[in-house]
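The structure appears below as structure tokens.
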Amino acid sequence: MTMNSEVPKLGSSLLVSSVQELAKNPLKEVPPRYVRTDEDSPIKSHTNPLPQVPVIDMQKLSSKEELEELHYACKEWGFFQLINHGVSHLLVEKMKMETQEFFNLPVEEKKKVWQKPDEVEGYGQAFVVSEEQKLNWGDMFYMITLPTYLRKPHLFPNLPLAFRETLEAYSVELKHLAMKLLEVMGKALGIDPNDLRVLFEEGHQGMRMNYYPPGPQPELAIGLNSHSDAVGLTILLRSTTWKASR
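Reading the sequence shown from the start, the letters are residues 646 to 891 in our numbering.
See below:
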């Protein structure tokens, strides 16, 4: 979620082949353009347990203790797991299911929402700026969801009806959740909640859905390279079929 109501300039991306389609071939090795030796391998330890991500209970944030935990998580980690967030479990599961069904569509159907030249919204990969650039082992669909007047007319209407309906409901619920989170984060910092509401209430909401197909050499490829989100707040929902890899 980002601030203000001006039309955002999100950058552009070159069109590249679908990794999902590429992975359907009987590959024995990762194509050179997807080999990511430029990225650090994940930390693995068989002796020392890795630090645990902070867990924040949304229903307990009225207490001083939980608010202090939130402050610590934001300051020292920059992210946390949120439980009891209030978003319907049924809606969350529908969002996961509809997203998977979108990526399961024939490639010709997904091409209806392919990225246009000089745009980053749509189906493809983000921020590919040269033909020599190393690529992520994954496909994505990205679009601005709120406010509705910023939606690209060639994207949302071309999504399957069930996906549109679920995405519509999910985007509204996430806006409510984001505003609640920003207010309590501001409270932990001693900021007037009204000041944050003025900054973010009419801000932009974008949704990015990622698909990482299995590959022949997962230790050489990476689904999404390390990065920083240039937004006020990112809410991440992972699939229950997640497997540890790069």
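In this text, a Cβ means the ideal position worked out from N, Cα and C, and glycines have one as well.
Can you tell me which residues form a DSSP beta bridge with residue i?
i	result
residue 853	787
residue 836	For residue 836, which the question treats as bridged, DSSP gives no partner whatsoever.
residue 727	701
residue 767	787
residue 759	768
Grab me the residues of residue i's own chain with a C-beta within less than 7 angstroms of its C-beta, minus the 5 sequence neighbours each way, in chain order.
i	result
residue 884	741
residue 783	664, 855, 856, 857, 868, 869
residue 803	757, 758
residue 727	701, 703
residue 755	768
residue 814	736
Output the distance between the C-alpha atoms of residue i and residue j, rounded to the nearest integer angstrom.
i	j	result
residue 795	residue 694	45 angstroms
residue 862	residue 834	45 angstroms
residue 824	residue 842	7 angstroms
residue 810	residue 759	20 angstroms
residue 785	residue 771	8 angstroms
residue 700	residue 717	11 angstroms
residue 792	residue 763	22 angstroms
residue 724	residue 658	27 angstroms
residue 805	residue 670	27 angstroms
residue 891	residue 746	With a pLDDT of 47 at residue 891, under the threshold of 50, the modelled position of this residue cannot be trusted, and the question is left open.
residue 711	residue 830	11 angstroms
residue 679	residue 873	21 angstroms
Can you find the residues in the same chain that come closer than 6 angstroms, C-beta to C-beta, to residue i, ignoring five residues on each side of it along the sequence?
i	result
residue 766	787, 788, 797
residue 698	726
residue 808	743, 747
residue 606	The displayed coordinates of the chain run from 646 to 891. Any statement about residue 606 would go beyond what the structure contains.
Please list, in chain order, all residues of the same chain as residue i whose beta carbon is under 8 angstroms from its beta carbon, the five residues on each side excluded.
i	result
residue 882	737, 740, 741
residue 828	838, 841, 842
residue 666	752
residue 709	none
How far does the alpha helix (DSSP H) with residue i in it extend, from its first residue to its last?
i	result
residue 743	734-748
Checklist entry - Counting only runs that start and end within the region 665-725, where is the beta strand (DSSP E) found for 3 or more residues in a row? => result 700-702
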